[in-house]
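Structure first, commentary second.
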Amino acid sequence: MSATSPTGLREQAGKIIAVHLNYRSRAAQRGRTPAQPSYFFKPTSSLAAAGSELERPAGTELLAFEGEIALIIGRTTRRVSPEAGWAAVSGVTAANDFGLYDLRAADKGSNVRSKGGDGFTPVGPGVLPAADLDPDALRVRTWLNGELVQEGTTDDLLFSFGRLIADLSQLMTLEPGDIILTGTPAGSSVTQPGDTVEVEVDAPTAPGAPSTGRLVTRITEGSIPFGDFGTKPSVDDHQRAEAWGTPPEPAWTLSDELRSKLASVATATLSSQLRKRGLNNVSIDGLTSTRPGTKVVGTARTLRYIPNREDLFATRGGGYNAQKRAFDAVGPGEVLVIEARGERSSGTVGDVLALRAQVNGAAGIVTDGG
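Quick note on the working numbering: the sequence shown kicks off at 14 and runs consecutively.
Okay, structure coming up:
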């Protein structure tokens with residue numbers, strides 16, 4: 014591969030290796046900081062040139078962009094030190110490590126389908142000669158429909174480029190044309206059909222501020238659905254949060270002070286305050302206490318019973334079912350609330366299950382069932 018042109022990438026790149034997490038800003042967004050780098054492969058068939066279109070497959074919703082700095086290996090490299098790793102790089106270009114979160118569950122961590130689709134790795138348009146660059150003074154930026162959404166510099170890296178090359182070359186030979194995607198900074202998010210995503214890598218403090226130019230990718234909508242002969246796309250709230258870049262909400266805790274205040278107020282007063290706030294369906298009527306006069310205050314976990322379904326009970330009712338898991342999940346100071354639609358023969362709690370909750374430190378159990 015020429016150090017100044019990405020022409021013929023698919024033919025010349027023997028392998029594409031991508032780093033999972035490598036920017037401190039991204040690690041903070043994810044809520045985890047790795048002690049060592051980890052990697053995954055992308056097929057060379059995923060490469061695409063600047064100005065190309067990328068199809069979001071039919072029936073999917075979470076196609077995410079990740080602007081990255083791509084290193085192009087210029088010579089055969091095996092067992093080099095971190096200090097010598099950068100010398101193996103002939104050029105630097107911009108890359109967009111697209112990923113389809115709808116297929117992450119199917120991949121089971123491999124990223125084969127979620128990040129290996131045709132066109133999922135556009136690179137270019139220009140390649141900067143590595144010999145002219147300071148690897149610690151590079152910048153990557155991403156624009157979504159003209160708005161700057163990602164910006165990161167290599168002084169924010171967890172693992173230097175030389176370290177990545179040294180680590181990889183311990184076990185495998187890096188060959189001319191191989192591409193290493195070095196991670197994305199915070200700001201990665203979801204793109205929609207009709208969007209335009211642009212990525213640029215530059216060296217703003219170097220003489221002339223050399224730049225790769227903007228790597229432009231236009232997103233289109235696919236029309237061919239996935240077949241029944243493979244795992245189909247699926248998403249949940251966790252995948253949506255990961256794809257959109259929403260940080261996880263901190264766990265809510267019930268302080269001792271608030272617990273004491275709640276315990277000092279009559280239940281009728283609390284109910285009245287809730288109704289004033291428009292919350293009219295947050296109570297269970299017709300309950301009797303096994304310890305009259307005792308008040309239970311704690312964070313609630315809710316287990317809801319559904320009408321009897323013989324077909325579901327046959328496959329899910331036995332063994333370590335949802336009921337047993339719910340009782341085991343209750344922690345210190347928590348209350349297990351069981352909604353059984355007032356069905357007294359539902360068997361929501363027994364001595365053994367109640368003992369499990371007590372051993373776990375539960376504050377109490379509330380049930381409108383039997």
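Beta carbons are placed, not taken as given, at the ideal position from N, Cα and C, and that holds for glycine.
- Ser358 has no beta-bridge partner at all, per DSSP.
- In the structure shown, Lys28 adopts coil according to DSSP, grouped into three states.
- By DSSP's assignment, Ala107 forms a beta bridge with Ile82.
- Ala101 is the residue among Ser358, Phe239 and Ala101 whose C-alpha sits nearest the C-alpha of Thr186.
- The C-beta distance from Leu171 to Arg37 rounds to 6 Å, short enough to meet the 8 Å contact threshold.
- Taking a contact as a CB-CB distance under 8 Å, the pair Leu67 and Thr230 counts as one, their CB atoms being some 5 Å apart.
- The beta-carbon distance between Gly130 and Ser59, rounded to whole angstroms, is 6 Å. This is short enough to meet the 8 Å contact definition.
- In the displayed model, Thr195 falls within coil according to three-state DSSP, outside both helix and strand.
- Scanning the segment 105 to 166 for uninterrupted alpha helix (DSSP H) segments of 4 residues or longer gives 117 to 120, listed from N- to C-terminal end.
- At least 8 Å separates the beta-carbon of Asp381 from that of Ala339.
- With respect to the 8 Å criterion, Pro70 and Phe242 are not classified as neighbours on the basis of their beta carbons.
- Of all alpha-carbon atoms in Ile378, Ser284 and Ala335, the one lying nearest the alpha-carbon of Arg304 is that of Ile378.
- If you draw a 10 Å sphere on the C-beta of Ile232, you find 16 or more other C-beta atoms in it, and that means buried.
- In this structure, the CA atom of Asp215 is about 25 Å from the CA atom of Phe53.
- Per the coordinates, the alpha-carbon of Thr282 lies some 11 Å from the alpha-carbon of Ala276.
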